[in-house]
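Protein chains in written order, with the numbering used here: chain A, 5 to 661; chain B, 702 to 912.
Where a beta carbon is used, it is the ideal one built from N, C-alpha and C, also for glycine.
Worksheet: one structure, shown below.
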Amino acid sequence: MLLQIHEPGQTPTPHATERGVAIGIDLGTTNSVVAIAAGETPEVLRDENGKALVPSVVAYGEDGSVEVGEGARRRLLDDPGAVVGSIKRLMGRAAGELKHLGGTLPYEVEPADDQGGMVRIRVQDRRLSPVEVSADILRALRARAETSLGQTVTEAVVTVPAYFDDAARSATKDAARLAGLTVLRLVNEPTAAALAYGLDKGAEGLYAIYDLGGGTFDISLLRLEKGVFQVLATGGDAALGGDDFDHLIAERFLAERKAQGLVHRPSIGEAKQVLAAVRLAKECLSTQERGEWRIELGGETSRHALDRATVESLIRPLLARTLSITQSALEDAGFRPTEVQGVVLVGGSTRLPLVRRELGTLFGREPLADIDPDEVVAVGAALQARALTRGEGTLLLDVTPLSLGIETMGGIVEKVIPRNSPIPVAMAQEFTTYQDGQTGMLLHVVQGERETVAECRSLGRFELKGIPPLTAGAARIRVTFAVDADGLLTVSAEEKTTGVSAAIEVKPSYGLGEDEMARMLRESMEHAQEDMERRLLIEARVEAERVLLALAAALKAEGELATPEERAQLQNLAHEIRKAAAGADRDLINGLVERLEETGRPFAQRRVDRALQGALAGHRLDEVEADMAPDARAAAGSGSSGAARTSSRVPAAPRND
Amino acid sequence: MTEAAGGDSGAPHACWSCHGPITAAALFCHVCGAVQPPRPLDAFARLGFPGRFEVDAAEIDKRYRGLQQRLHPDRFTKRSPRERAIAESQAMSLNDAYETLKDPLKRAALLLERAGRSSPIGENRTIQDPALLMEAMEVREALAAATDLAAVEAIGKRAAAEDRRCIEALGAAFGAGELDKASRQLTALKYWRKLAEEIRGRRAAIAHGAG
């Protein structure tokens, strides 16, 4: 036997798994952190001063230069018009959605060119999308990792708030692509934190992860058990965090100035300065009982005394909201607070003593902060990056945080996938037409828990055309929602009555268009084309490896069914494939693989025939029929319980071509 | 590596990867080791449970996690895109089966479906049961009138108690083979679940209003 035999999982082609170290990135609203888990213990990457936190702040110079991190944050005070912070709050947001953030964004926001697209911000004379600004931060983190490792880094696990919706997740993935990083997995921040505690501290049992960052709040309940991290329920608020505390305090200071008779109205830049001062005051009061701060704006100076009790009374209503969300998540998972074995603190805002006290009261136990709340998410991301590249036993089973649905008549949301469904998930529902002869249907995809479309987040609209003209209610349009393990949604629809099924597959159309993304990739000078080519080549090699393994296994098991000529031909081709896989000609590899599959067909047929002759007689007819059932993969998502979710509904918007 | 998920069927199938014969129930090809696409099994069969309303929740968790450990796409990150896609559809099928078996409402609906009954969930059927209808109206009015958390909690407690009662009644009905009764209890359970969502919404509205 000339063929090399490999056990499944081993690699015959050296290139197939040739991968560098994958990094873990916590892309935060206020600060970001990058970590690696190359050796036994994960390591957070620090700057020369030992600081792990990279402020998520980008300064754009007039000369086109870009500075990220501490330096950019320092420039915030001198040159506020050139500096952008808290960009995470805008990820995947359209201009119209920013009203509820009213006044909390200290920079100029403009609507996108296309309706419903992501907002743009105006910095210097540049017009930037939040994806580009995030990509600049990711590039800086990537550079820190490359400097530290002394090698190129192209793969990462990037974390997102569990409560991020589909648009924000998608935007995050795009930002990583722009920064030249392949996202191995988007991991929810609390899940990453749980992973860090589970793997690093050996935690097991039911855990609550309370994650209060600069701009987002998440609560997740997980069961940790022998390497399996199962999220049972998650909840949160994608627009609630330490930034909001800062704003409340800033408003108080500004009101005090007004009361002192000062008339200067702060500019956007000055507002940023006030916020920076307020943040320091807040952090100071986490350890001190009281203090006094001085603010100078437009030549007018004011003094502000503040104590911890006052800060706590200001933020208590916001904290009450996080506790109410926490209780709902517990209810969703079917647990009482006292059943939780550990409460893990994540995010800088959990340093506030009030947060720890309130959680202690709710859960009846002291919360855990063994791992630095600012670093724990990046550590978890690095551990997951290692698990995914090395194929370790760790497994994350996460859920979708928000229900996904379709708009039906009267602006009512018909939920297709309920919140807290384990992912990946695919579910389908049938809808029908409501006008005679209707040949098109506009499908509006929304995300959220409310009953009406107006109160949910719109993810996109798409049109299904070519429905056969039938009487109203006769067409059967099956809409399938699939959420992958990154939490990203794909929607497809097909019309089933006529047997001719028109199917379309849509990524919801928010945020950046494909054209725009392609342009940015070109401009990003990250050699996008080369990256793509390299990826396709690696995939061709992996596929070649699979085919060679399959052939080797088949010849070993039932080689006597191959004629000597076939065997010689197959081995010849296998040899050529191995040679080709060592090179870089993707088409050559793919062509040879196809030829091998073709050449091996008679051999495969003989194997099946022999098994049929041997086995068929011994089996009942119904077993054979059961195997003739419709395509297993098509039925995969809905299973046979699909009927429970299948009902005829009328989507709101009929369309006639 | 061959195994049965549910009723074993030995009729030959072809492995998509090495094209050789495998049993229909195989999760992996015994020759080349390739993961196989999920079969169209219902939730009980996929996780290997008999079609009964009473289930061992811990055992469901154990089997589900054991299968995900082997079939989840994260186990296939180094394999070909096609294997990853197949693993993803396996994971989707497992998640669907898990959600169905864990939830008494979905489990009951599946049992009725297995018995050839049309499922009362998934359709916004009007409530036929006059007693339930009366109760529904009464509770909805109370919820609309509730202005503080304590009042909402009281209604929530009642809904939770009714939820438990329905599940017990479902168990009894299925145990006695009384499918009409089971069907009625399922409708009631569905109603209480819907109300629980409304209670949640009301509570959140009050909590946010206070904040």
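Same chain, Cβ closer than 8 angstroms to S353 of chain A, five either side skipped, listed in chain order:
The answer, listed in chain order, is L216, G217, G218, G245, G246, F249 and V359.
Per DSSP, what kind of secondary structure is K933 of chain B in: helix, strand or coil?
Residue 933 of chain B lies beyond the stretch modelled for chain B, which goes from 702 to 912, so this question has no answer here.
Where P782 of chain B and E543 of chain A are concerned, what is the direct C-alpha to C-alpha distance, given to the nearest angstrom?
7 angstroms
Kindly list the residues whose CB is nearer than 6 angstroms to the CB of E899 of chain B, restricted to its own chain and excluding five residues on each side of it in sequence; keep chain order.
none
Contacting positions in the stretch 727-742 of chain B - beta carbon closer than 9 angstroms to chain C:
Included in the structure are the protein chains A and B, with no chain C among them.
Straight-line gap, G720 of chain B to A556 of chain A (C-alpha atoms, nearest Å)
Here residue 720 of chain B is His; the residue named in the question, Gly, does not match the sequence. Cα-Cα distance, rounded: 12 angstroms.
A792 of chain B: contacting residues in chain A (beta-carbon distance under 7 angstroms):
Going along chain A in sequence order, the residues near A792 of chain B (Cβ under 7 angstroms) are P428.
Residue closest to L226 of chain A, alpha-carbon to alpha-carbon, out of A:R461, A:K560 and A:N424:
Of A:R461, A:K560 and A:N424, the smallest CA-CA separation from L226 of chain A is found for A:N424.
Taking the alpha-carbon of V232 of chain A as reference, which of A:G618, A:T398, A:Q617 and A:R355 has the nearest alpha-carbon?
A:T398
Measuring CB atoms only, is the stretch 373-386 of chain A touching the stretch 147-164 of chain A, in the sense that at least three cross pairs come out at less than 8 angstroms?
yes
Alpha carbon to alpha carbon, how far is V127 of chain A from K286 of chain A? Give it in angstroms, no decimals.
28 angstroms
Residues of its chain near M5 of chain A, where Cβ-Cβ distance is below 6 angstroms and the 5 sequence neighbours each way are ignored
Summary for M5 of chain A: the model assigns pLDDT 32, below 50, so the residue's position carries little reliability; its value from the coordinates is reported in the next sentence. Excluding sequence neighbours, M5 of chain A sits near nothing in its chain.
Heavy atom of the ligand ZN within 6 angstroms of E869 of chain B beta-carbon
Inclusion of the ligand ZN in the displayed structure is not the case, the ligand content being empty and no account of it being possible.
Chain A contacts from the stretch 713-727 of chain B (Cβ-Cβ distance under 9 angstroms):
P713, H714, A715, C716, S718, C719, H720, G721, P722, I723, T724 and A725
Quick one: Cα of S174 of chain A to Cα of L492 of chain A, how far?
7 angstroms
In its own chain, which residues sit with a C-beta less than 7 angstroms from the C-beta of E22 of chain A, not counting the 5 before and 5 after it?
Its pLDDT being 44, under 50, E22 of chain A is placed unreliably by the model, and the measurement read from it follows with that caveat. Excluding residues within five positions, none has a Cβ falling inside 7 angstroms.
So is R256 of chain A in contact with chain B if we call contact Cβ pairs under 7 angstroms?
Interface residue (Cβ-Cβ distance to chain B less than 7 angstroms): R256 of chain A is not classified as such.
Kindly identify the DSSP beta-bridge partner or partners of G239 of chain A.
A:I223
Terminal residues of the beta strand (DSSP E) in which L408 of chain A lies
L408 to T412
Can at least three beta-carbon pairs, one atom from the stretch 197-210 of chain A and one from the stretch 268-282 of chain A, be found at a separation below 8 angstroms?
no
M445 of chain A - DSSP class collapsed to helix/strand/coil:
M445 of chain A falls in the strand class under three-state DSSP.
Rounded C-alpha distance that separates G452 of chain A from A458 of chain A:
10 angstroms
Residues of chain A with a CB under 8 angstroms from the CB of D775 of chain B: which are they?
R189, A391, L392, L399, L400 and A489
Find the residues of chain A that neighbour S884 of chain B, judging by a C-beta separation of less than 8 angstroms, and give them in chain order.
The premise fails here: S884 of chain B is roughly 13 angstroms from chain A at the closest Cβ pair, so nothing lies under 8 angstroms.
Check for me: the beta strand (DSSP E) holding P722 of chain B runs from which residue to which?
P722 to T724
Mind pulling the chain B residues with CB within less than 8 angstroms of V612 of chain A?
P713, A715, H720, G721 and P722
Just how far apart, CA to CA, sit E193 of chain A and K779 of chain B?
The alpha-carbon atoms of E193 of chain A and K779 of chain B are separated by roughly 24 angstroms.
G470 of chain A CB to nearest chain B CB: under 7 angstroms?
no
Mind pulling the chain A residues with CB within less than 7 angstroms of P782 of chain B?
E543
Does DSSP put L493 of chain A in a helix, a strand or coil?
Secondary structure at L493 of chain A: strand, using DSSP grouped into helix, strand and coil.
DSSP on L258 of chain A, reduced to helix/strand/coil?
Looking at L258 of chain A - three-state DSSP - the assignment turns out to be helix.
For E549 of chain A, which of A:A584, A:E562, A:L31 and A:E570 has the nearest alpha-carbon?
A:A584
Looking at S152 of chain A: is its Cβ nearer than 7 angstroms to the Cβ of L49 of chain A?
S152 of chain A is a Cβ neighbour of L49 of chain A, given a cutoff of 7 angstroms.
Name the DSSP beta bridge partners of D668 of chain A, please?
Lying outside 5 to 661, the shown extent of chain A, residue 668 of chain A is not represented and no answer is given.
Measure from the alpha carbon of P473 of chain A to the alpha carbon of each residue in A:Q439, A:D490 and A:A497, then state which is nearest.
A:Q439
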